[in-house]
Amino acid sequence: LFLLRDNPYEHITEHVLFNRTSMANSYVLISKSGKALFIDFGYDFMAGPAAGSDRSSRRPWLYTIPKLFTDYGVTKIDACIPTHYHDDHVAGFNLLKKVYHTRILCPENFADLLNSPENYDLPCLWYDPIPVDEALGLGQKITWEEYELILHPLSGHTRYAVAIEFMADGKKILCTGDQYADGDGLFCNYVYKNKFEADDFFNSAQLYQRIQPDILLSGHWQSLNYKDTYARELEALGKEVSELHKSLLPLGEDTVLTDDFFATFHPYQLQVKEKETFSVKIEITNPFRHRVPVQVQLVLPEGFHSKHDKTSFEKEMGAQENASFTIEITAPKESVHRARIGCDLTLGDIRFGQQAEMLVTVCKQKSK
């Protein structure tokens, strides 16, 4: 720990640093002017995973930042970009902004998730909103100082992720987050509760082949020098994952989706007052290759009721079509913490059951 304290950073190239003390890898791109761009910044200077998932167990800090100023010529922590939304990669963003006035840049495919985490039923969310200063477009050149970066969608480990491509010191570098795991980078990483498609890992292997980077920087493991043989191994792994998922689909080839997010509440979490009427939206996806009638049954906890007592909805949906229902619900006259509202879904003649939930906390009215 003393060695890490004294030398928390190591060079990948002259202007790219690796924070070797952080729980999830964090990288620093330094410009000629002395500005620093962080790629991910979660839990700085940690000896291992947090003991709990409560906020007090997962406090970020800025322990190693002064070393950038004293040892590496950094004059300003200008901006930070996440590879994906998981807390071990973004936990320190708000602190960077508060202390160093760092701009928070985020790929457009998950900027809303950082801004409004309460809208999403996903694991590994940071506890608070992370206000995004600028949402960055995908697949286009983005200029930061003398560098050009390109953000590529990188669905797999999570749908809400990107690979970040840039040139530094004559090397093409690709930051890949947690897409692949282990020291050899040949393990398709875990997929937690999350949207997922069977070809995700095959597609990311093809992305790597198309970019042909010199160096791959991952979210938890050592950097890798890219080789064509590695890309071919990834492609074979991606095909295997795809075939396994497709073979296990209970509905066979009649459906195109490999996840079961056919119904989703927006927002996922909500806080209202006693007897308040509020609106929620249920988004439905038809996963089939043909039209189906859809039945949505709202499941309300005791004391809640919907407008006109309407709790069921029907609609004809086209192949792979998305649709939404907006519902007004009135809260009970008593306070309640995290009451669950459910959505029971039937597509065609198949009842999928309660496909989605949302959590509603009812607060007491303040006395006048």
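Residue numbers (this note's numbering): 79 to 446.
Just so it is clear, CB atoms sit at the ideal spot from N, CA and C, and this is done for glycine as well.
Quick caveat, the model's predicted, so the values are computed rather than measured.
Applying the criterion that 16 or more other CB atoms from any shown protein chain within 10 Å of the CB defines a buried residue, is Arg136 buried or exposed? As a working mapping, residue 136 is identified with position 58 in the sequence shown. It counts as buried.
Using only the alpha-carbon positions, how far apart do Cys266 and Gly234 sit? For the purposes of this step, residue 266 is taken as the residue at position 188 of the sequence shown. For the purposes of this step, residue 234 is taken as the residue at position 156 of the sequence shown. Their Cα atoms are separated by approximately 8 Å.
DSSP beta-bridge partners for Met436? One-based indexing of the sequence shown puts residue 436 at position 358. Answer is Ile419.
Nearest chain D C-beta to Leu327 closer than 8 Å, yes or no? Any reference to chain D falls outside this structure, which holds one protein chain only.
Sheet register partners of Gly126 (DSSP bridge): In the sequence shown, the residue the question calls residue 126 occupies position 48. None; Gly126 has no bridge partner.
How far does the beta strand (DSSP E) with Glu88 in it extend, from its first residue to its last? Here residue 88 refers to the residue found at position 10 of the sequence shown. Where Glu88 is concerned, the enclosing beta strand (DSSP E) stretches over Tyr87 to Thr91.
Would you mind reading off the limits of the alpha helix (DSSP H) that contains Ala189? On the sequence shown, position 111 is the one that residue 189 refers to. Start and end: Ala189 to Asn193.
Specify, as a first and last residue, the run of the beta strand (DSSP E) that Ala341 falls within. On the sequence shown, residue 341 is found 263 positions in, with the first residue counted as 1. Run containing Ala341: Ala341 to His344, per the beta strand (DSSP E) assignment.
Buried versus exposed, by CB contacts within 10 Å (16 or more), Ala241: As a working mapping, residue 241 is identified with position 163 in the sequence shown. Burial call: buried.
With a 10 Å radius around its C-beta and 16 neighbouring C-beta atoms as the bar for buried, classify Thr377 as buried or exposed. Start at 1 with the first residue of the sequence shown, and residue 377 comes out as number 299. Per the sequence shown, the amino acid found at residue 377 is Val instead of Thr. With fewer than 16 Cβ atoms within 10 Å of its Cβ, Val377 is classed as exposed.
Opening and closing residue of the alpha helix (DSSP H) in which Leu326 lies: In the sequence shown, the residue the question calls residue 326 occupies position 248. Residues Asp306 to Leu326.
Buried or exposed (CB count within 10 angstroms, at least 16 for buried), Phe274: Stepping through the sequence shown from its first residue, residue 274 is reached at position 196. Result: buried.
Pro144 - containing beta strand (DSSP E), residue span: Residue 144 sits at position 66 when you count from the first residue of the sequence shown. Counting along the chain, Pro144 falls outside any beta strand (DSSP E), though it belongs to the alpha helix (DSSP H) covering Ile143 to Asp149.
Quick check on the DSSP output: the alpha helix (DSSP H) that includes Ser282 runs from which residue to which? Position 204 of the sequence shown, counted from the start, is the residue given in the question as residue 282. Where Ser282 is concerned, the enclosing alpha helix (DSSP H) stretches over Asp278 to Ile289.
Report all residues from its chain with a CB closer than 8 Å to the CB of Phe123; omit the five preceding and five following residues, and keep chain order. Position 45 of the sequence shown holds residue 123. Here the set comprises Leu82, Arg83, Pro86, Thr99, Ser100, Trp139, Tyr141 and Thr142.
Look at the alpha carbon of Ile289 and the alpha carbon of Lys249, and state the distance between them as a whole number of angstroms. By 1-based counting over the sequence shown, the position of residue 289 is 211. By 1-based counting over the sequence shown, the position of residue 249 is 171. The alpha-carbon atoms of Ile289 and Lys249 are separated by roughly 12 Å.
Just verifying my parser: in three-state terms, what is the DSSP assignment at Asp156? Numbered from its first residue, the sequence shown carries residue 156 at position 78. DSSP places Asp156 in strand when its eight states are reduced to three.
DSSP puts Glu223 in a beta bridge; with which residues? Taking the sequence shown and counting its residues from 1, one reaches residue 223 at position 145. Beta-bridge pairing links Glu223 to no other residue.
Look up Lys383 in the DSSP assignment and say whether it is helix, strand or coil. Start at 1 with the first residue of the sequence shown, and residue 383 comes out as number 305. The residue you asked about is not Lys; residue 383 is His in the sequence shown. Strand, per DSSP.
Taking 8 Å as the cut-off, decide whether the C-beta atoms of Ala276 and Lys317 are in contact. Position 198 of the sequence shown holds residue 276. Position 239 of the sequence shown holds residue 317. Not a contact, by the Cβ cut-off of 8 Å.
Rounded Cβ spacing between Pro410 and Phe382 (contact assumed at less than 8 Å): As a first step, residue 410 must be located in the sequence shown, where it is residue number 332. As a first step, residue 382 must be located in the sequence shown, where it is residue number 304. Confirmed, Cβ separation roughly 6 Å.
Report the partner residues of Pro371 according to the DSSP bridge assignment. Taking the sequence shown and counting its residues from 1, one reaches residue 371 at position 293. Bridge partners of Pro371: Glu394.
Among Ala246, Tyr198 and Ala283, nearest to Tyr308 - alpha-carbon criterion: Within the sequence shown, residue 308 is the residue found at index 230, counting from 1. Closest option to Tyr308, Cα to Cα, is Ala283.
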